[in-house]
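In mature numbering (1 follows the signal peptide of the UniProt record, and there is no 0), the protein residues as written are -26 to -1, 1 to 64. Below is one structure, written out as structure tokens; the observations come after it.
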């Protein structure tokens, strides 16, 4: 293999490694950020998800209401693990 070809391949491998390292660093750096408390949404799996007021009971059951415009979504989970989601629009 000619010397010039070895140098070009070496530079290409170095550039590929640098790109992968910078992408991994960017992913770690953005993963530490949290959605501020006063926002009405949070980020889950890279998507905005409305954040509601969740009321958790002592037995482990909970109820959450999320308002989106004129509609209200009510999510409930019983202590036994039964999940129910209801949506009402005015």
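Don't be surprised by glycine CBs; every beta carbon is placed ideally from N, CA and C. Model, not experiment: these values are computed from the prediction.
{"Item": "Residue -9 to residue 10 span [Cα, whole Å]", "Value": "32 Å"}
{"Item": "Check whether residue 39 and residue 27 have beta carbons under 8 Å apart", "Value": "yes"}
{"Item": "Alpha-carbon to alpha-carbon, residue 23 and residue 48", "Value": "14 Å"}
{"Item": "Neighbourhood of residue -15 by C-beta, 7 Å cutoff - its chain only, sequence neighbours within 5 removed", "Value": "none"}
{"Item": "C-alpha gap between residue 52 and residue -12, whole angstroms", "Value": "54 Å"}
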